[in-house]
Amino acid sequence: MAKKALIVSFSFEQEPEAFEALRERGVEPILLAESERKGWGQQELIDYWNALPEKPEGILMGADIEIGAPFTEQCEGLRYISLNCAGCDHLDLPALERAGIVACNVPRQNFDAVADFAWGQILSLMRRIPQGDQNIRAGRWCEGVARGCAVSRKTLGILGLGAIGQGVMRRAQGFEMDVLAYDPYENAELVEKYGVRYLPLQEVLTQSDIVVITCPLTDETHHLMNEESLRSMKPQAFLVNCSRGPIVDTKALAKILREGKIAGAALDVYEEEPLLESELFSLPNTVLTPHMAGLADREIHNVAMQSAYNMADLLEGKEVKSRLI
Numbered sequence: 015m016a017k018k019a020l021i022v023s024f025s026f027e028q029e030p031e032a033f034e035a036l037r038e039r040g041v042e043p044i045l046l047a048e049s050e051r052k053g054w055g056q057q058e059l060i061d062y063w064n065a066l067p068e069k070p071e072g073i074l075m076g077a078d079i080e081i082g083a084p085f086t087e088q089c090e091g092l093r094y095i096s097l098n099c100a101g102c103d104h105l106d107l108p109a110l111e112r113a114g115i116v117a118c119n120v121p122r123q124n125f126d127a128v129a130d131f132a133w134g135q136i137l138s139l140m141r142r143i144p145q146g147d148q149n150i151r152a153g154r155w156c157e158g159v160a161r162g163c164a165v166s167r168k169t170l171g172i173l174g175l176g177a178i179g180q181g182v183m184r185r186a187q188g189f190e191m192d193v194l195a196y197d198p199y200e201n202a203e204l205v206e207k208y209g210v211r212y213l214p215l216q217e218v219l220t221q222s223d224i225v226v227i228t229c230p231l232t233d234e235t236h237h238l239m240n241e242e243s244l245r246s247m248k249p250q251a252f253l254v255n256c257s258r259g260p261i262v263d264t265k266a267l268a269k270i271l272r273e274g275k276i277a278g279a280a281l282d283v284y285e286e287e288p289l290l291e292s293e294l295f296s297l298p299n300t301v302l303t304p305h306m307a308g309l310a311d312r313e314i315h316n317v318a319m320q321s322a323y324n325m326a327d328l329l330e331g332k333e334v335k336s337r338l339i
C-alpha cells in the first residue's frame, strides 16, 4: 500500500516531474491546491487534516502556513514534514520535536536566484525603472520621472553574509563597490578574496549607500531594522529586504520613508503575508514585490525535486542530510 504525502506548496504543484518522482518511490501525493487554500492559516489546515478520512504520514509544504503546537495538539498521524524551501521560521521546531515529527528543508538551492533578485531590487529602486515603465505605458514618456541614482562605486552594506549574502557580495564586484558586512561569524577567506570588511551593525548602517538584508529571521534579528536602526542610515541611502519580513519594523520604515530620512526601500517580504493593504502602497519611493525572489524556473524545479526525494527518503525511514529535527 502506497504511503501518502499531503502537498501544500504552490511552487511544487507546478512541477509535474516532482509528483512523478514521488510516485516512482511509492508515494501517493495528495494535492491541496493553492486555489483551495487561499488565505489559509494553521487552523484551516488543522480542520482540513482532521476531515481527511485517511491521514497521510507526511506533509510536503512551502513557507506560507505555520505549523506548531496547535497542529500537533489537535491532529494525529503526521510523522514527517519535507519543506519545499530553505527557510523554516514558520515551523515551531520544538513543538514538532516534542510530538516526534521529523522535519527537513532544502538549503542552498535558490541562493543564486535570490541574490540575482536582490540586484534587481537595487537597480529598480535606485534607477527608478518601475516608474519609467509606468510612465511610458501611460503615454507620458519621461515627464515626471525623477532622475535615478548611480549604482557603481557606492558602498554596499550586507546584513548576513551567508549563501545569499555572499552571492550579493560577489555580484557587487562588477559594480566596483566597497562592501561592508554585519555578521556574527567572520569569514577570513571572504576578507582576503573579496576585500569585504566586517563591521558592527551601527557602522555598516552609517557608512552604506545601500543596505541589503540577507540574514535569517531569529529572535536576535526580529526587528533588527527598527526605527533607531533606520535613522542610523544615510538620508540618501536605500534599504533592500529579500530575506524575511519581520526583520524590518514595517511601521517604523513607513514613518522613516514619509519623513524622507532615507531615500527609498525595496521589499520582497513583509511582516504579514500576503500584503493586501499597507501604508507602503502610497509611498513613491518604494518597490514592492510579492515574495518572489526565489521563484526562478531552474531553482523552483531543483528545490521541488529535492523536497520530493527528501519526502520519499523520510517515508522509507532513511536519513536525510538536511534534517532539522
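Every position in the sequence shown, counted from 1, becomes a number in the numbering used here once 14 is added.
Backbone N, C-alpha and C define an ideal beta-carbon position, used for all residues, glycine too.
Exercise for the section: Return the CA-CA distance between Val-225 and Phe-252, expressed in angstroms with no decimal places. Expected result: Their Cα atoms are separated by approximately 6 angstroms.
Practice task
Round the Cβ separation of Gly-72 and Leu-329 to the nearest angstrom and send it over; I've been treating them as touching at under 8 angstroms.
Solution key: Between Leu-329 and Gly-72 the Cβ distance is about 6 angstroms, and since that is below 8 angstroms, they are a contact.
Problem - Boundaries of the beta strand (DSSP E) in which Tyr-199 is found, first to last residue - result: In the DSSP assignment, Tyr-199 falls outside any beta strand (DSSP E) and carries neither an H nor an E.
Handout entry: Limits of the unbroken alpha helix (DSSP H) element including Gly-72
Key = Per DSSP, Gly-72 belongs to no alpha helix (DSSP H); it is in the beta strand (DSSP E), 72–75.
Problem - Per-residue DSSP class, three states only, for Glu-234 - result: The three-state secondary structure of Glu-234, taken from DSSP, is coil.
Handout entry: Own chain, CB closer than 7 angstroms to Met-75, minus 5 neighbours either side, in chain order
Key = Cβ within range, chain order: Val-22, Ser-23, Ile-95, Leu-97 and Asn-98.
Exercise for the section: Please name the residue or residues paired with Arg-337 in a DSSP beta bridge. Expected result: BP columns for Arg-337 point to Cys-118.
Handout entry: Coarse secondary structure for Ala-186, derived from DSSP in three states
Key = Ala-186: helix per DSSP, three-state reduction.
Handout entry: Buried versus exposed, by CB contacts within 10 Å (16 or more), Glu-206
Key = Exposed, since its Cβ has fewer than 16 Cβ neighbours within 10 Å.
Handout entry: For Leu-173 and Leu-59, the rounded distance between their alpha carbons
Key = Spanning the two alpha carbons is a distance of roughly 34 angstroms.
Exercise for the section: Please say whether Leu-175 and Met-197 have beta carbons closer to each other than 9 angstroms? Expected result: With the sequence shown as reference, residue 197 is identified as Asp, and Met is not the correct amino acid for it. Contact: yes.
Exercise for the section: Spell out a yes or no on whether the stretch 142–162 and the stretch 103–119 are touching, meaning 3 or more CB-CB pairs, one atom from each, closer than 8 angstroms. Expected result: By the C-beta criterion, the stretch 142–162 is judged not to be in contact with the stretch 103–119, since fewer than 3 inter-stretch pairs fall below 8 angstroms.
Exercise for the section: Can you give me the Cβ contacts of Thr-86 inside the same chain, cut-off strictly under 6 angstroms, excluding the 5 residues immediately before and after it? Expected result: For Thr-86, where only same-chain residues beyond five positions count, the Cβ hits under 6 angstroms are Ala-109 and Ala-113.
Practice task
Report buried or exposed for Glu-313, applying the criterion of at least 16 other Cβ atoms within 10 angstroms of its Cβ.
Solution key: Classification of Glu-313: buried, given that the 10 Å Cβ count is 16 or more.
Exercise for the section: Please check the pair Pro-67 and Lys-18, which I expect to be a contact at CB under 8 angstroms, by giving their CB distance rounded to whole angstroms. Expected result: Between Lys-18 and Pro-67 the Cβ distance is about 11 angstroms, and since that is not below 8 angstroms, they are no contact.
Handout entry: Cα-Cα separation, Gly-153 to Gly-146
Key = Taking the straight line joining both Cα atoms gives about 11 angstroms.
Problem - Residue burial classification, Glu-286 (beta-carbon count within 10 angstroms, cutoff 16) - result: Burial is judged here by how many other beta carbons sit within 10 angstroms of a residue's own beta carbon; Glu-286 has fewer than 16 and is exposed.
Exercise for the section: Evaluate Trp-155 with the Cβ neighbour count: other Cβ atoms within 10 Å of its Cβ, from every protein chain shown; 16 or more gives buried, anything less gives exposed. Expected result: The residue in question, Trp-155, is exposed, as its Cβ has fewer than 16 Cβ neighbours within 10 Å.
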